[in-house]
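Shown next, in structure tokens, is the structure this report addresses.
Protein chains: 2
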Amino acid sequence: MAILNSTTNGTAPHPAELDASKLIVTKAELKPIPPLESLVFGETKTDHMLVINYAPGTGWSAPEIKPYGPLSLDPMSSCFQYCPNVFEGMKAYIGPNGEPRLFRPKDNMERLARSAARVALPPFDPKELLVLIKELIKIESRWIPKLPGYSLYIRPTIIGTRPALGVAASDSACIYVIVTPAGPYFRDATKGISLLAVGESVRSWPGGTGGHKLGLNYAPGFLPQRIASKQGYDQVLWLLGEEERVTEVGAMNFFLVVKREDGDVDLITPPLDGTILPGLTRASTLALAEAHSAGKITLPGVPASVKLHTHERPLTMREIDALSTEGRVLEVFGVGTAVVVAPVSRIGWAGKDIVLPVQKQGLGPIGSGMWKMIVDIQTGKVPFEDWSVVCD
Amino acid sequence: MAILNSTTNGTAPHPAELDASKLIVTKAELKPIPPLESLVFGETKTDHMLVINYAPGTGWSAPEIKPYGPLSLDPMSSCFQYCPNVFEGMKAYIGPNGEPRLFRPKDNMERLARSAARVALPPFDPKELLVLIKELIKIESRWIPKLPGYSLYIRPTIIGTRPALGVAASDSACIYVIVTPAGPYFRDATKGISLLAVGESVRSWPGGTGGHKLGLNYAPGFLPQRIASKQGYDQVLWLLGEEERVTEVGAMNFFLVVKREDGDVDLITPPLDGTILPGLTRASTLALAEAHSAGKITLPGVPASVKLHTHERPLTMREIDALSTEGRVLEVFGVGTAVVVAPVSRIGWAGKDIVLPVQKQGLGPIGSGMWKMIVDIQTGKVPFEDWSVVCD
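Taken in sequence, the protein lines are chains A and B.
To convert, note that position 77 of the first sequence is 131 in this note's numbering; the numbers rise steadily by one, no gaps.
To convert, note that position 17 of the second sequence is 71 in this note's numbering; the numbers rise steadily by one, no gaps.
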């Protein structure tokens, strides 16, 4: 409990900033670590969690790392009623010297701060939160799987905790961070993922919240996802508008790889127009494609002579269909923190299936090179800019 | 804990239906009832709450009415992460003989079931839930204020409680119902509410979820609401599209009342096209206007000779501005469970204020007649169809 500063008559005290130096650690009794082959994404609970509460007047509480356990909240809490809830997806890896590493964590923290601002949650210092997350990862480091393709998934979450029913911004909040060991997100990714293009239900729209990582962007997709599953598709490909523009795939960003006449390839992804999540794996994919084309790196399996031309521009189903018919589509993949890069094998649209090239190992040449390069950077095998960050 | 039925090999047992006859009541120590003048909407907690949990396999638990208190939930719970959370707003009143009454509660229950289905929550029998809510209201009846304009606000809520991070429909849920004594929603309603018309942020969209009462429809409005407040407006008037169609007002449905040359009036409200909440007060307002025009009832203060012609049709800001300039606008009001009917005094739009007629008492002749009629029906003073339902 923060002690209120004495203040001059009637003026409010300064609410306390988020301060990592105030961290209190309470160690838990350690759980047995289940075998990796039994892991289902997002189901395993580890030993500890990080919790920080914000109350009006007092501000951010002393951060606590404490035994993993339930949250206790008033039934009127804003998080249940009006959903000002935001989150991030990050991963921790074990580096070559056994050290825990994060991937571009500052970008996650800054996006989280933007998400919180979008739903009017109290502001916090992203740098301080990152210091605390590093502490949590060090304490939970025995949970980071060492197998390739595995990692410790990190879920920073902020929920509104104002305990009142009036429709208003939440003046109280709880930041909590939990972690869970994770293997490959899709069990059958080598077969490629099938997508059902859906335009009747709309995930996001201009002036909406699709450009932020808000919990509320996800529940409306559950029903379309169930319909897609019943029709034999793995995920929904979200369309927008009469021109049927492609936006996102389930919870991934969409990439189309097209052969060019000059032997190079075009790498096309929809633009960040506010309807699409500014994914970190999306940004990394674009940056690595450009680094490959500039000769700064060579994506594994992709000849250095083949340039990857990146395009952030609107992409319609009609265009994808036409390119596929012309035999110019090299591959389609989705990217995201949970999947890294996942191949797409077919897209159900306009009553037919657009069948896409899928290789034996699942990913095509570009997707596969991209996957290997990203994982090598994440696990500290290949240095690239300041993307891989050691928890120290 | 329900006992699983023995079943033939491998088949799942039938999950239990929601069953009001299994109700377990645990009485709380009673709190003192605070003075009515100190009430702030949605802040007072009463003695009891109703809770029912759904788990896959076992189904709905035995309903419990128990002391009001916090919910304890796993931090991975779907309600925090992906927001499959739905709610209703209802009110209980004390009737002429001291009996607790509800207003059109079946309609609330059916809308709640539709909301739950939209975010893929487990289904439940709305009739059974209504039986349980009546029991809760009887137990909490000492909390129903007896002053005119006051009531006991009821908040049925369903949250997704699946304790896992995979992006998927919640196969677990918690229905809970809390109540809170409420006075007039706006303190200064006699002055009329001011609205800022906002088109850059969009509340709802064709193919979106604005036609359902989902918690997630509300948080995106907090930031625009804060901006409106800073500019001196009480609420946001949500616009849609380039033609600037009016959709909703804060959390109310919008009504425009226009003088006709024949001495009658037009009552215009946007249509239920999926972007607008199908409000029960909206439906009641339309039905009472039609009943008045048909001579079945007479709205207090409205001559029986004046017909109210109802129109559910798109309404643009340009049209409202033009009608206002021509002096044809009689009044504008918002309707909803919390406010009943609230007068609108001005709308900030296109850099100016459209100033609307407001009477001394706030509401104009139609809004005022409508408010009186609805409150008289709600409190059982005037019978109308089967709208007022006694908790027995």
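Ideal placement from N, C-alpha and C gives every residue a C-beta, glycine not left out.
Nearest-angstrom Cα distance between Glu83 of chain A and Asp73 of chain A? Locating residue 83 of chain A in the first sequence gives position 29, where the first residue counts as 1. Locating residue 73 of chain A in the first sequence gives position 19, where the first residue counts as 1. Going from the Cα of Glu83 of chain A to the Cα of Asp73 of chain A covers about 26 Å.
Determine, using beta carbons only, whether Gln285 of chain B comes closer than 8 Å to chain A. Residue 285 of chain B sits at position 231 when you count from the first residue of the second sequence. For Gln285 of chain B, the answer is no, since every Cβ of chain A falls outside 8 Å of its Cβ.
When you compare the segment 313-320 of chain A with the segment 358-367 of chain A, are there three or more beta-carbon pairs, one atom per stretch, that lie closer than 8 Å? Of all C-beta pairs linking the segment 313-320 of chain A to the segment 358-367 of chain A, three or more are shorter than 8 Å, placing the two stretches in contact.
Segments assigned alpha helix (DSSP H), at least 4 residues, entirely inside the segment 146-183 of chain B: 159-172
Starting from the beta carbon of Arg280 of chain B, find every residue of chain A whose beta carbon is closer than 7 Å, and list them in chain order. What you label residue 280 of chain B is simply residue 226 of the second sequence in a count that begins at 1. Under the 7 Å cutoff, chain A gives Ala174 and Ala223.
Under 7 Å Cβ to Cβ from Ser399 of chain B, same chain only, skipping five residues before and after it: list those, please. In the second sequence, the residue the question calls residue 399 of chain B occupies position 345. These residues qualify, in order along the chain: Lys245, Gly246, Ile247, Ser248, Leu410 and Val412.
Pro324 of chain B and Thr301 of chain B closer than 8 Å at C-beta: As a working mapping, residue 324 of chain B is identified with position 270 in the second sequence. As a working mapping, residue 301 of chain B is identified with position 247 in the second sequence. Contact: yes.
Could you give the distance in angstroms between the alpha-carbon of Leu184 of chain A and the alpha-carbon of Gln135 of chain A? Locating residue 184 of chain A in the first sequence gives position 130, where the first residue counts as 1. Locating residue 135 of chain A in the first sequence gives position 81, where the first residue counts as 1. Going from the Cα of Leu184 of chain A to the Cα of Gln135 of chain A covers about 29 Å.
What residues from chain B crowd round Met306 of chain A, counting only those whose CB sits closer than 7 Å? Locating residue 306 of chain A in the first sequence gives position 252, where the first residue counts as 1. Within 7 Å Cβ-Cβ: nothing; Met306 of chain A doesn't reach chain B, min ~10 Å.
Provide the residue span of the beta strand (DSSP E) that contains Phe308 of chain A, from first to last. Sequence index remark: in the first sequence, residue 308 of chain A carries index 254 (1-based). That run of the beta strand (DSSP E) goes Met306 to Lys313.
Does chain B have any CB closer than 8 Å to the CB of Arg168 of chain A? By one-based count along the first sequence, residue 168 of chain A stands at place 114. Chain B has no Cβ within less than 8 Å of the Cβ of Arg168 of chain A.
Distance check for Val140 of chain B and Thr433 of chain B, CA to CA, integer angstroms please. Along the second sequence, one-based indexing puts residue 433 of chain B at 379. Along the second sequence, one-based indexing puts residue 140 of chain B at 86. If I take the Cα positions, the gap works out to 27 Å.
Taking Cβ to Cβ, would you say Cys445 of chain B is nearer than 8 Å to Ile232 of chain B? Here residue 445 of chain B corresponds to residue number 391 of the second sequence, with the count starting at 1. Here residue 232 of chain B corresponds to residue number 178 of the second sequence, with the count starting at 1. Cβ distance not < 8 Å, so Cys445 of chain B and Ile232 of chain B don't count as in contact.
Val79 of chain A versus chain B: which residues are under 8 Å apart at the beta carbon? Locating residue 79 of chain A in the first sequence gives position 25, where the first residue counts as 1. Chain B residues near Val79 of chain A: none, gap ~18 Å exceeds 8 Å.
With a CB to CB cut of under 6 Å and the five nearest residues on each side skipped, what residues in its chain are close to Asp430 of chain A? In the first sequence, counting from the first residue as 1, residue 430 of chain A sits at position 376. Around Asp430 of chain A: Val436.
Any idea if His266 of chain B is buried or exposed, counting beta-carbon neighbours within 10 angstroms, 16 or more meaning buried? Working through the second sequence from its first residue, we reach residue 266 of chain B at position 212. By the 10 Å Cβ count, His266 of chain B comes out buried.
DSSP bridge partner residues for Asp288 of chain A (one or two, in chain order): For the purposes of this step, residue 288 of chain A is identified with residue 234 of the first sequence, where counting begins at 1. According to DSSP, which records beta bridges pairwise, Asp288 of chain A is partnered with nothing at all.
C-alpha gap between Ile57 of chain B and Tyr108 of chain B, whole angstroms: Here residue 57 of chain B corresponds to residue number 3 of the second sequence, with the count starting at 1. Here residue 108 of chain B corresponds to residue number 54 of the second sequence, with the count starting at 1. With a pLDDT of only 35 at Ile57 of chain B, under 50, the local geometry of the prediction cannot be trusted, and the value read off the model is given with reservation. If I take the Cα positions, the gap works out to 14 Å.
Test item: CB-CB of Phe95 of chain B and Tyr230 of chain B under 8 Å: The sequence position of residue 95 of chain B within the second sequence is 41, counting from 1. The sequence position of residue 230 of chain B within the second sequence is 176, counting from 1. Not in contact: Phe95 of chain B and Tyr230 of chain B (Cβ atoms no closer than 8 Å).
Span separating the alpha-carbon of Gly421 of chain A from that of Glu97 of chain A: In the first sequence, residue 421 of chain A corresponds to position 367, counting from 1. In the first sequence, residue 97 of chain A corresponds to position 43, counting from 1. Each residue's Cα considered, the two are about 28 Å apart.
If you count every other CB in all the chains shown that lies within 10 Å of the CB of Asp440 of chain B, and 16 or more means buried, which is it? One-based indexing of the second sequence puts residue 440 of chain B at position 386. Exposed: under 16 other Cβ atoms inside 10 Å.
Consult DSSP for His266 of chain B and reduce its assignment to one of helix, strand or coil. Start at 1 with the first residue of the second sequence, and residue 266 of chain B comes out as number 212. Looking at His266 of chain B - three-state DSSP - the assignment turns out to be coil, as it is neither helix nor strand.
Closest to Leu340 of chain B by CA distance: which of B:Lys145, B:Phe309 and B:Gly349 is it? Against the second sequence, residue 340 of chain B aligns to sequence position 286. Selected option, being the one with the closest Cα: B:Phe309.
Give every residue of the same chain whose Cβ lies closer than 8 Å to the Cβ of Glu344 of chain A, excluding the five residues on either side of it in the sequence, and list them in chain order. What you label residue 344 of chain A is simply residue 290 of the first sequence in a count that begins at 1. The residues are Leu362 and Thr364.
Close-in-space but distant-in-sequence residues of the same chain around Pro121 of chain B (CB under 6 Å, 5 per side omitted): Taking the second sequence and counting its residues from 1, the one referred to as residue 121 of chain B is at position 67. Counting only Cβ-Cβ distances below 6 Å, and skipping sequence neighbours, we find Ala82.
Using a beta-carbon distance cut-off of less than 7 Å, what residues from the segment 125-152 of chain B approach chain A? The residues in question are Leu125, Ser126, Leu127, Asp128, Pro129, Met130, Cys133, Phe134, Gln135, Tyr136, Cys137, Pro138, Asn139 and Phe141.
With 16 other CB atoms within 10 Å as the buried threshold, where does Leu201 of chain B fall? The residue labelled residue 201 of chain B in the question sits at position 147 within the second sequence. It counts as exposed.
Between Pro159 of chain A and Gly111 of chain A, which are expected to be in contact by the criterion C-beta below 8 Å, what is the C-beta distance as a whole number of angstroms? Taking the first sequence and counting its residues from 1, the one referred to as residue 159 of chain A is at position 105. Taking the first sequence and counting its residues from 1, the one referred to as residue 111 of chain A is at position 57. Not confirmed; about 31 Å, so no contact.
Ser126 of chain A - DSSP class collapsed to helix/strand/coil: Taking the first residue of the first sequence as position 1, residue 126 of chain A is located at position 72. Note: Ser126 of chain A maps to strand in three-state DSSP.
Taking a cut of 8 Å between CB atoms, which residues from the segment 244-257 of chain B lie near chain A? Gly253, Glu254, Ser255 and Val256
For Pro332 of chain B, which residues from the same chain have a beta carbon less than 6 Å from its beta carbon, with the 5 sequence-adjacent residues on both sides left out? Counted from its first residue, the second sequence places residue 332 of chain B at position 278. Closer than 6 Å at the Cβ level, and outside the excluded window around Pro332 of chain B, lie Leu326.
Grouping DSSP H, G and I as helix and E and B as strand, with all else coil, what is Ser131 of chain B? In the second sequence, counting from the first residue as 1, residue 131 of chain B sits at position 77. DSSP places Ser131 of chain B in strand when its eight states are reduced to three.
Answer yes or no: does any C-beta atom of chain A fall closer than 8 Å to that of Met55 of chain B? In the second sequence, residue 55 of chain B corresponds to position 1, counting from 1. A caution first: Met55 of chain B carries a pLDDT of 29, below 50, which makes its placement in the model unreliable, though a value can still be read off. Closer than 8 Å: no.
Have a look at the DSSP bridge pairing and note the partners of Asn107 of chain A. One-based indexing of the first sequence puts residue 107 of chain A at position 53. Note: Asn107 of chain A sits in a beta bridge opposite A:Cys228.
Distance check for Lys188 of chain B and Ile208 of chain B, CA to CA, integer angstroms please. Your numbering for residue 208 of chain B matches position 154 in the second sequence. Your numbering for residue 188 of chain B matches position 134 in the second sequence. Distance between the alpha carbons of Ile208 of chain B and Lys188 of chain B: 11 Å.
By DSSP's criteria, Lys406 of chain B is part of a beta bridge. Which residues make up the other side? As a working note, residue 406 of chain B is residue 352 in the second sequence. Lys406 of chain B is bridged to B:Trp403.
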